[in-house]
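Each remark here refers to the structure printed beneath this line.
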Amino acid sequence: MLPDCNGTHLTLDSPYSNQGQLAGYIYLSIGCISMPICSFVFYVFSRPNVKQSSCYKLLMITTSLDILNLISATIVSGFASIFGVSYCDNGFKWLYPYGHFFMCVWYIYCASTEVLALNRMLVFARPQLAIFLFKGRRVWLWLIPIFVYSAFGLLIDPSMYFVYLPNRGFFLDGKTSVFHIFNNFFKLGFVTACYIIMTLFIIKLKRKNTNERGSRISSHQITLSLQTLGVAALADFTSCGYLGANYFPDHWAISQYSGNIGQLEWIFLHSKGDNA
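When we follow the UniProt record's numbering, the leftmost residue of the sequence shown carries the number 1, and every step to the right adds one.
Here it is as structure tokens:
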């Protein structure tokens, strides 16, 4: 017997809620628009003349993870709500291990965005260190700590997983995990700190006119970094919205839709396509 199942009924879900089916159609509609966009962006980043930059290589990684997250947030969620199925139903038991896989993808995504933020910050704060850590094929070595981090998150709490509530239309933590909470807040703080430092160094460089001919930092690097800053700001906004939506007071009428709002925030986070 899988956890939270009473026969074919998922006990965490509400059998009387009908908001899930509408949410499912909305999620699928957004997915049909955002996934082709993200796929095109991934294609652009993967072209040989583009991916020479370490930043674009990292953006390839984060964009591929955006696509995987969108599959969960729009396609899997949409069909589950439209047909009202969960891992408790016969023929859909695979949704339970999928919840663990989905958690793994989320950890990988968080670590990847942190590495990207570190890269952008070091390019301006410590250029020589950035070259040493990220030049050429060295950037691919960062996949090792990224995957190790994700594996550690799963090993430290192997019972942690995501579960989708089809009748209510949003994902829920199958079990509260201290590591998962730490991961979410650390990502928010680390990425924000890196881009704040990067911005301060860009301002400093501009004031000293170091971006003129002969400068080590090209105008393209500045433009690219400011674009990734914009993406990070959007990510921070949607992350705060996702976290805040779960804490609406119960007496607010909107509180019954807090999970759906959080799901939409999460979808928009990955729909951006890292369009640097």
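Every residue gets a Cβ at the ideal spot worked out from N, C-alpha and C, and that includes glycine. The structure displayed is predicted, hence computed values, not measured ones.
Residue range of the beta strand (DSSP E) that includes residue i
| i | result |
| --- | --- |
| Leu165 | 162-165 |
Per-residue burial, residue i [other beta carbons within 10 Å of its own, 16 or more giving buried]
| i | result |
| --- | --- |
| Pro48 | exposed |
| Leu118 | buried |
| Cys194 | buried |
| Met1 | exposed |
| Tyr43 | exposed |
| Thr74 | buried |
| Thr176 | exposed |
| Gly153 | buried |
| Gln263 | buried |
| His180 | buried |
| Ile8 | Note that residue 8 corresponds to Thr in the displayed sequence, not to Ile. Per the 10 Å Cβ criterion, exposed. |
| Gly214 | In this prediction, Gly214 has a pLDDT of 48, which is less than 50 and means its spatial position is unreliable; what the coordinates show is noted afterwards. With fewer than 16 Cβ atoms within 10 Å of its Cβ, Gly214 is classed as exposed. |
| Pro249 | exposed |
| Val178 | exposed |
| Val191 | buried |
| Leu22 | exposed |
| Gly259 | buried |
| His251 | exposed |
Opening and closing residue of the alpha helix (DSSP H) in which residue i lies
| i | result |
| --- | --- |
| Leu143 | 143-156 |
| Asn183 | 178-207 |
| Ile30 | 19-46 |
| Asp66 | 54-70 |
| Gln128 | 127-134 |
| Ser14 | Taken as a continuous stretch (DSSP letters only), Ser14 belongs to no alpha helix (DSSP H), as it is neither H nor E. |
| Leu2 | No alpha helix (DSSP H) contains Leu2, which DSSP labels as neither H nor E. |
| Gly91 | Unbroken run through Gly91: none, as it is neither H nor E. |
| Ile82 | 77-83 |
Strand pairing of residue i, partner residues [DSSP]
| i | result |
| --- | --- |
| Asp173 | Phe162 |
| His270 | His270 is not bridged to any residue. |
| His9 | Asn6 |
Alpha carbon of residue i to alpha carbon of residue j, nearest angstrom
| i | j | result |
| --- | --- | --- |
| Gly111 | Leu65 | The sequence given here places Ala at residue 111; Gly does not occur at that position. Computed Cα separation, rounded: 11 Å. |
| Arg137 | Pro145 | 15 Å |
| Leu155 | Asp89 | 27 Å |
| Ala80 | Ser86 | 7 Å |
| Arg207 | Ile33 | 41 Å |
| Pro3 | Phe185 | 27 Å |
| Met198 | Arg120 | 7 Å |
| Glu114 | Tyr107 | 11 Å |
| Ile67 | Lys204 | 36 Å |
| Ala125 | Phe201 | 6 Å |
| Gly169 | Asn18 | 9 Å |
| Trp142 | Ala253 | 45 Å |
| Thr62 | Leu116 | 9 Å |
| Phe45 | Ile131 | 20 Å |
| Ile37 | Gly84 | 28 Å |
| Asn6 | Lys187 | 36 Å |
| Ser54 | Gln128 | 14 Å |
| Thr11 | Val41 | 40 Å |
| Val148 | Ser29 | 35 Å |
| Pro158 | Gly174 | 11 Å |
| Trp94 | Leu122 | 42 Å |
| Ser96 | Leu172 | Looking at the sequence provided, one finds Tyr at residue 96 rather than Ser. So the two alpha carbons sit approximately 13 Å from each other. |
| Gln52 | Ser39 | 19 Å |
| Ile261 | Gly31 | 16 Å |
| Ile82 | Gly91 | 16 Å |
| Tyr164 | Val76 | 9 Å |
Cβ distance (whole Å) where residue i is taken to contact residue j below 8 Å
| i | j | result |
| --- | --- | --- |
| Gly99 | Phe182 | With 8 Å as the limit, Gly99 and Phe182 do not qualify as a contact, their Cβ atoms being about 19 Å apart. |
| Gly78 | Gly20 | Contact doesn't hold; Cβ gap of about 10 Å is too wide. |
| Leu70 | Met103 | No, Leu70 and Met103 are not in contact; Cβ-Cβ is about 16 Å, not under 8 Å. |
| Val139 | Leu58 | 7 Å |
| Ile267 | Tyr56 | Between Tyr56 and Ile267 the Cβ distance is about 24 Å, and since that is not below 8 Å, they are no contact. |
| Asn167 | Ser72 | That pair is no contact at about 18 Å. |
Proximity test, residue i beta-carbon vs the ligand ZN heavy atom, cut-off 6 Å
| i | result |
| --- | --- |
| Leu133 | Of the ligands one can find in the structure shown there are none, so the ligand ZN has no counterpart to examine. |
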